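Working notes for the structure below.
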Amino acid sequence: MASFSPPCTAAEALERLQQGNERFVQGRARFPTVQKEILAELAKGQQPYATILGCSDSRVPPELVFDASFGELFVIRVAGNVLGSSILGTLQYAGSHLQTPLFVVLGHEGCGAVEAAIASRFRGAEHKSRIEILLENIVPVLEGLDASQPPAALLCQAVEANVRHTVRALRATPEAQAREREGLMKLVGAVYELQTGRVRFLDAGA
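Written out as structure tokens, the structure is:
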């Protein structure tokens, strides 16, 4: 059964995510189903121990990846795990109202949004309507990357650069700066490996 006492520090929350991902990778997930008692308890309110900003890709469901039960993670998903006004507002809600101690920006290998941004930036590909608006958040991240390297290597490097960019942008907000100064929040980036199921945390100790 899931615990309703969330970790009290960001370090404990990060360790919990890492342990959950290890169970997932090893095929020892604890939460294939949910018990009615858990649902009844959660009907009274939520107290997630981490907020995850991830991609909409169907292959990367954070709750499964981290072997988390109902009520444990506050999850926001958008293609390319990019920031926008509604995403920032949701993240602010997680910080000010839910007070989750840990925020994770979760990218993944083979991200289609990042791949489309690469095609737009280096190959002149055009994307119609709102997709182009989405890619505008990613294309600047590609500056400085070596476009002559193999496509798979370029995509891998771009995915990580995009995660780091989103982390920096989120950290630059006044709300995040205030919470970090007070020791109330830890912000980290991570990349999910599609073939292994493993999550690689970027600078997790920083």
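Numbering-wise, the sequence shown is residues 6 to 211 according to the numbering used here.
For glycine and all other residues, C-beta sits at the position ideal for the given N, C-alpha and C.
Note that the structure is predicted; figures quoted are calculated from it, not measured.
Just confirm the distance between the C-beta atoms of residue i and residue j, as a whole number of angstroms; I'd bet it's less than 8 Å.
i	j	result
glycine 76	isoleucine 143	Wrong, their Cβ atoms sit about 32 Å apart, outside the cutoff.
phenylalanine 29	aspartate 72	5 Å
leucine 147	alanine 163	6 Å
isoleucine 57	valine 109	5 Å
leucine 5	leucine 207	In the structure displayed, the chain extends from 6 to 211; residue 5 sits before or after that span and is not available.
valine 87	leucine 139	7 Å
Taking the alpha carbon of residue i as the reference point, which residue from the options has its own alpha carbon closest?
i	options	result
proline 67	Glu187, Arg173 and Val196	Val196
glutamate 141	Gln24, Leu207 and Gly89	Gly89
phenylalanine 127	Glu114, Ala152, Pro145 and Cys116	Ala152
glutamine 51	Arg203, Leu150 and Ala99	Ala99
glutamate 14	Met190, Leu199 and Phe206	Sequence inspection shows threonine at residue 14; the glutamate mentioned does not correspond to that position. When only C-alpha atoms are compared, the closest one is Met190.
serine 74	Arg35, Ala166, Arg184 and Arg205	Arg35
cysteine 161	Val80, Leu107, Cys116 and Leu111	Cys116
glutamine 104	Tyr54, Val146 and Leu93	Tyr54
glycine 25	Arg173, Ala166, Leu78 and Gln154	Leu78
proline 145	Ala166, Gly194 and Gln31	Ala166
lysine 169	Arg184, Gly194 and Gly149	First, the residue type needs correcting, since residue 169 is arginine and not lysine in the sequence shown. Ranking Arg184, Gly194 and Gly149 by Cα distance to arginine 169 puts Gly194 first.
alanine 157	Arg184, Gly149, Glu114 and His102	Glu114
isoleucine 92	Leu22, Thr178, Lys49 and Gln23	Thr178
alanine 183	Ser101, Arg135, Arg64 and Glu27	Ser101
Give me the Cα-Cα distance between residue i and residue j, rounded to the nearest whole angstrom.
i	j	result
alanine 16	glutamate 187	15 Å
glutamine 97	glutamate 180	7 Å
valine 83	glutamate 42	31 Å
glutamate 137	alanine 45	43 Å
glycine 59	alanine 124	22 Å
leucine 69	leucine 175	25 Å
leucine 192	threonine 171	11 Å
glycine 94	leucine 159	32 Å
leucine 199	glycine 112	11 Å
glutamine 31	threonine 201	10 Å
leucine 47	threonine 38	15 Å
proline 155	glutamine 40	48 Å
arginine 173	valine 80	19 Å
glycine 149	leucine 22	32 Å
Pull up the DSSP beta-bridge partners for residue i, would you.
i	result
phenylalanine 206	Ala195
alanine 55	Leu78 and Leu107
glycine 112	Val196
I want to check one thing, is the minimum distance from the CB of residue i to the heavy atoms of the ligand NAD below 7 Å?
i	result
glutamine 104	In the structure shown, the ligand NAD is absent, as is every other ligand, since no ligand is present at all.
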